[in-house]
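Chains as they are written, first to last, in the UniProt record's numbering: chain Z, 1 to 326; chain A, 1 to 887.
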């Protein structure tokens, strides 16, 4: 698969096109990305999918924002894109959540939002929550991409989406009811991190904040990948030291990569390429967990995802939540 | 570094608490207020900030302050070590007459980080932490309400590159509250004699909100080319800025946050001025700034000495020192400030513009008003209505908590129903716990969010309350190990106290019924599962006696006869006064009288005699003892010197080998009766519960030779026995007695055993070869599986009766039953207080206790099969004596 295909289109309708490359085998994993507008979800996922960063946009699986898009502060990805790698990893790139641009687009196109939403911004928020809940249901790992470490709303959003996540379906033939819910692993990726963020103290503070804010969550946000091997001086004694947190620096611009010794800057942290490679390795090395109580093949997964998308869209929980919005 | 340094020396005043309290600084303020009569412009900076951002939103203010330096006063605030969850710093620029307010709240990641790592204020518990962050958010919202009321310009700082739509919701909430609180706020302002417009509007003006984006995704790879190519005059950043302005405007407009008439809205954005500023200069970290300088220095290689002392910031190094006079941000902000200080804002739109409200008070007036407004928003309101409005903040801000709570409240009855479903009127603790798990599962399946834990606790409490409130089963264990199935109750014998007064009064009942035979074994009846050992061993048999065995001769067993009404249970510690009196001297007397007795200590329990009494040698024959045998118990029993029994204290349990001296039980758990004078060996016993042809006693042949030739006789007997076992040929020199050990199962099945491992079965021929030898000379099990056990459930029989036919001969039979109901160190139980009992001729039946209970220890049938083998009737329970009749 060279390019991504649409799983959910820009009107948030399910597309059947993703099905063709999927096989009847069970050894696969699903990695999704979620984040605010312009946080770099597509870029990070493209790198994880093994795209050489220096190449032009054409060969990128998930298109990062084009210059035109950037110039109007818009969003690039609409709906959810799917890409399947040779390692049988399914990458899901979703449109931004809580995005001003999407909200603006809905206003401009005068999108007929469903009658149950009182305002268009509530409609946008509920759509974002649907996307989040959906990814929590169908992904093994959800990467939360953040543009800098500053927004508490992201954590609140994650917990709301978790709260509204549809139940893991119970197998029909199982006599014992009430098998436990299955939750995905969460990896926080802070994009555009500055030199100060890479200091051990800073990194630990971020881990502490995540850990405290997410402590009531069932999402598995610990123990998969942290930067202990990349940032010197991290103590492993802190109770929060295993929070999944990765910092990505700015990608070095082309001019910086010239061999001019004078333009060499003191950085104080590893390069973007090095860190993303380390993250890729850790993510792909993770044991592949079940998504449901029964083993799914890739094709089953697709149908499961289609069903989940429908149930998320019609979720009673989500409409109940909607009614509480001011 | 200049920026950082300035930040510190700038100082801060806290917009609230009362600044009057702070000594000399107040003077400064007063002086200034009196001098400065000009109108001021108030600029607030709010928004989010990341942990390490440089420039931060605080350094923004610095960048626009006049070079002459601002006048700052007050005290620094520390979010963690004060009670405040947010704080407002302010500084006044006296040259330009601008008051800057800076809000610090938990949305500044730096503050959040220190709160998270702090262990103060109960933040270490999850509950405390959640509470803290929630109230911190509410405080931040109050601070915003304050700032929207006292500011002309509000700068919203975005650390990212796109508009944060979360503000739309926040603005909504602020707008709702503002309009509700307006009249209350107006009252506060009216008391300060402020202009009417101000009082009515509750604020200086509809504040202008400006949006500041700290970063952009635009990378200026080839900006020039792009611009040229499209032939556009505006720079990409300008275009982006306008695009974002349009975007924000459309969103806020659609959400009706901004309207045509700015007086009615929370705030306004200017129609013809820029209100979005995008900082496209990458912030330069101090370390990089100096590193770069160093590199340049080295690169220039001292070619140009003058540059060595150059302190000017290189032109290509922007960002760090934003306060250069021509900085675009300064330019951007000053146009708004200038307008505010001159004409004032008029952001009304539409065809019929309304005159805008705009006040530009002097510093003094503003300070007074701000203080009053601050007090209004932060102090506990006296007005109930205002208080209720503030109470809404929680609901409006914390949708998650509200949703979760609502959900849990909805699910709670469902879960309770799941708990009660299918439950009987009263049930066991195990049922209760199982149903609780079920209820919790139902709850967790449907409940959501942070309130779950709290409601899960409540569910547990509710269910437990339900159970304990009239649905709890008594579950008191019967002596056979079955729980009482009645609801929780008190016994008729219990005293009524406050604790148990509400409980119904009834007896225990396990609803287990067993079938058992009476004392003599001739009648079977149902018996209820006993809960106390008196019912088990005495009452039930006593009841049966009236309809059956009361005609039979009883062998009396000594029981306690009280002489005083306040008799009490004695134990090992409380010995009866009589026995305590001088046990040693009495025993001395005993040993003097029976000098051959080898009593070595005062604890002369009957078992001790038996140890003496059982010669190890008599393996293959019945034992002969002459009347003059030193080991005979006769003299001891008859002796007046024997200990006397207490008449004040009685034995709490049953008679056993470890009992204290001199205590008698209140009733006997055993019964010894004579069934008849004779026994017909060919007919066997005619009793119910036996299989056909199995109710035969085993013959017990005792040779009658004189005791003087005892060893030879023994030898002879052996030979005889080997030659003609079971035949009557040796009848001439032996007497035949009959013995049967009867086992009884809960279903009423009864059988005799012919050996420790073998149930007696009548041979088809009718002539049986087995004798009582095995049962007499082996320890016999107390429990044995019943023959009815084959059908799945196994029933255990218990040794219940001993039948002995004593022929009318000079030979005397001594009954010396000792039952060990549990593995050591269990005591041995026996019916006789004072050693072996003599049985006169006749067919005797000894009924064993149903339960064994001694010294408040109950010895139930062990569930462990290994231990079962140590529950036994000790061998040699019948012995033969010759000569003088026993008592």
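For every residue, glycine included, the Cβ atom is placed at its ideal position computed from N, Cα and C.
Note down the Cα distance separating residue i from residue j, rounded to an integer number of angstroms.
i	j	result
residue 215 of chain Z	residue 126 of chain A	8 angstroms
residue 57 of chain A	residue 210 of chain Z	23 angstroms
residue 46 of chain Z	residue 93 of chain Z	9 angstroms
residue 464 of chain A	residue 457 of chain A	11 angstroms
residue 278 of chain A	residue 215 of chain A	7 angstroms
residue 827 of chain A	residue 876 of chain A	17 angstroms
residue 366 of chain A	residue 192 of chain A	11 angstroms
residue 780 of chain A	residue 561 of chain A	34 angstroms
residue 324 of chain Z	residue 172 of chain A	14 angstroms
residue 809 of chain A	residue 735 of chain A	8 angstroms
residue 276 of chain Z	residue 380 of chain A	52 angstroms
residue 649 of chain A	residue 665 of chain A	9 angstroms
residue 848 of chain A	residue 669 of chain A	7 angstroms
residue 409 of chain A	residue 400 of chain A	14 angstroms
Say whether chain Z places a C-beta atom closer than 9 angstroms to the C-beta of residue i.
i	result
residue 43 of chain A	no
residue 162 of chain A	yes
residue 231 of chain A	For residue 231 of chain A, the predicted model reports a pLDDT of 47, less than 50, meaning its position is unreliable and no value from the coordinates is stated.
residue 113 of chain A	yes
residue 275 of chain A	no
residue 165 of chain A	yes
residue 130 of chain A	yes
residue 86 of chain A	no
residue 450 of chain A	yes
residue 906 of chain A	Here chain A comprises residues numbered 1 to 887, so residue 906 of chain A is not present and cannot be evaluated.
I need the DSSP call for residue i, collapsed to helix, strand or coil.
i	result
residue 89 of chain Z	strand
residue 236 of chain A	helix
residue 690 of chain A	strand
residue 306 of chain A	Reliability of the predicted coordinates at residue 306 of chain A is poor, the pLDDT of 46 falling under 50, and the value obtained from them is presented with this limitation in mind. Note: residue 306 of chain A maps to helix in three-state DSSP.
residue 131 of chain A	helix
residue 106 of chain A	coil
residue 145 of chain A	helix
residue 911 of chain A	Outside the modelled stretch of chain A, which goes from 1 to 887, sits residue 911 of chain A, for which no answer is possible.
residue 293 of chain Z	coil
residue 435 of chain A	helix
residue 91 of chain A	strand
residue 743 of chain A	strand
Got a sec: is the Cβ-Cβ distance from residue i to anything in chain A below 9 angstroms?
i	result
residue 245 of chain Z	no
residue 189 of chain Z	no
residue 226 of chain Z	no
residue 269 of chain Z	no
residue 292 of chain Z	no
residue 314 of chain Z	no
residue 56 of chain Z	Reliability fails at residue 56 of chain Z, whose pLDDT of 49 lies under 50, so the model's placement of it is uncertain and no value is given.
Between residue i and the ligand MG, is there a pair consisting of the residue's CB and a ligand heavy atom that are separated by less than 8 angstroms?
i	result
residue 241 of chain A	Ligands displayed in this structure: none; no statement on the ligand MG is therefore possible.
Taking contact to mean 3 or more Cβ pairs, one atom from each stretch, closer than 8 angstroms, check whether the stretch 133 to 143 of chain Z and the stretch 101 to 121 of chain Z are in contact. no
At a Cβ cut of 8 angstroms, what residues of the stretch 367 to 400 of chain A count as close to chain B, listed as they run along the chain? As a matter of chain content, chain B is missing from the structure shown, whose protein chains are Z and A.
Unbroken beta strand (DSSP E) runs of length 3 or more, entirely within the stretch 131 to 215 of chain Z: which are they? 141 to 147 and 185 to 193
Is it a yes or a no for the stretch 438 to 445 of chain A touching the stretch 386 to 398 of chain A, going by three-plus beta-carbon pairs under 8 angstroms? no
For the stretch 853 to 864 of chain A against the stretch 651 to 666 of chain A, are there 3 or more C-beta pairs whose distance is under 8 angstroms? yes
Check whether the stretch 114 to 125 of chain Z touches the stretch 78 to 89 of chain Z, taking contact to mean three or more Cβ pairs, one atom from each stretch, closer than 8 angstroms. no
Please go through the stretch 519 to 563 of chain A and give each complete alpha helix (DSSP H) segment of 4 or more residues, from N-terminal end onward. 540 to 545
Given 8 angstroms, three or more beta-carbon pairs between the stretch 751 to 760 of chain A and the stretch 833 to 851 of chain A: no
At 3 residues or longer, what runs of the beta strand (DSSP E) sit wholly inside the stretch 445 to 530 of chain A? 513 to 517 and 524 to 528
Hey, is the stretch 139 to 148 of chain A in contact with the stretch 105 to 112 of chain A, meaning 3+ C-beta pairs nearer than 8 angstroms? yes
Does the pairing of the stretch 522 to 540 of chain A with the stretch 798 to 809 of chain A give three or more beta-carbon distances under 8 angstroms? no
So, do the stretch 69 to 81 of chain Z and the stretch 222 to 236 of chain Z have three or more beta carbon pairs nearer to each other than 8 angstroms? no
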